[in-house]
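Colleague: Position 177 of the sequence shown, counting from 1, maps to 443 under our numbering, and the rest follow consecutively.
Yeah, the Cβ is synthetic: ideal placement off N, Cα and C, and Gly gets one too.
First, the structure itself, so that you have it in front of you.
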Amino acid sequence: MSDDYKNLPSIDDFTESLEELPSVGDLVEEKDLPSVEGYIEVEEEIQTIEDANGEVFAEVKDIVPPWPELLRLVNDLKESIPEIPEIKSYDDELQELLKHIEQVKESIPEVPEVRYYEDDIESLKENIEGVRADIPKFPKWVNEVNQVPDFSWIGKTFGVIDDDFEKVNDNLHTLKDTF
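In structure tokens, the structure reads:
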């Protein structure tokens, strides 16, 4: 047994060089670890505003912003906004332009509308007059309405004659049958 301990594995056989071993710094992934300051509650100061008689009419709380990072970003944004130029009133210039436009309008003469269809209208008028001239003139008595006589007696007369023909035909048939 005395020689066996020499053949036993040693820890040195399993260790590599110290430079190849990982360090604790490599394993830490969070660089921004939470701090205790985030959990400390800040007390708000209450200030009172008194009127001339010494009576309190308003209480103002001194509010500590809960998001200082957000406020910092807002302030940075405000600083990055360029200066807004002063708003200029253009009323005087606009009034002057309106005056010029009115002067130009007044200086333009009113031109009558050009009617390209005047020749067509004239030729239509001439054609209508020609048609009127071609219509013959009737005497006045033609245009007057005369009283129409009552011709109902004619219908009655033909009705009686028709009945007479039917009677004659019936008699003829009777005579033919008898002979």
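Output the distance between the C-alpha atoms of LYS391 and PRO402, rounded to the nearest integer angstrom.
Modeller: Here residue 391 corresponds to residue number 125 of the sequence shown, with the count starting at 1. Here residue 402 corresponds to residue number 136 of the sequence shown, with the count starting at 1. Distance between the alpha carbons of LYS391 and PRO402 is about 19 Å.
Colleague: Along the chain, where does the alpha helix (DSSP H) containing GLN488 start, and where does it finish?
Modeller: The chain is shown from 267 up to 445; residue 488 falls before or after that span and cannot be answered.
Colleague: Do you know offhand how far VAL370's Cα is from ASP357's?
Modeller: Numbered from its first residue, the sequence shown carries residue 370 at position 104. Numbered from its first residue, the sequence shown carries residue 357 at position 91. Their Cα atoms are separated by approximately 20 Å.
Colleague: According to DSSP, simplified to helix, strand and coil, what is PHE323?
Modeller: For the purposes of this step, residue 323 is taken as the residue at position 57 of the sequence shown. Strand at PHE323.
Colleague: Between ALA324 and ILE315, how many whole angstroms is the CB-CB distance? I'm expecting something under 8 Å.
Modeller: In the sequence shown, counting from the first residue as 1, residue 324 sits at position 58. In the sequence shown, counting from the first residue as 1, residue 315 sits at position 49. Indeed they touch by this definition, with Cβ atoms about 4 Å apart.
Colleague: From ASP429 to ASN437, what distance separates their C-alpha atoms?
Modeller: What you label residue 429 is simply residue 163 of the sequence shown in a count that begins at 1. What you label residue 437 is simply residue 171 of the sequence shown in a count that begins at 1. If you take the alpha carbons of ASP429 and ASN437, they lie about 13 Å apart.
Colleague: What does a CB cutoff of less than 8 Å around LEU343 pick up in its chain, not counting 5 residues either side in sequence?
Modeller: Counting from one through the sequence shown, the residue named residue 343 turns up at place 77. Contacts found: none.
Colleague: In whole angstroms, what separates the C-alpha of PHE431 from that of THR423?
Modeller: Here the question's residue 431 lines up with position 165 in the sequence shown. Here the question's residue 423 lines up with position 157 in the sequence shown. Their backbone Cα atoms lie some 13 Å apart in a straight line.
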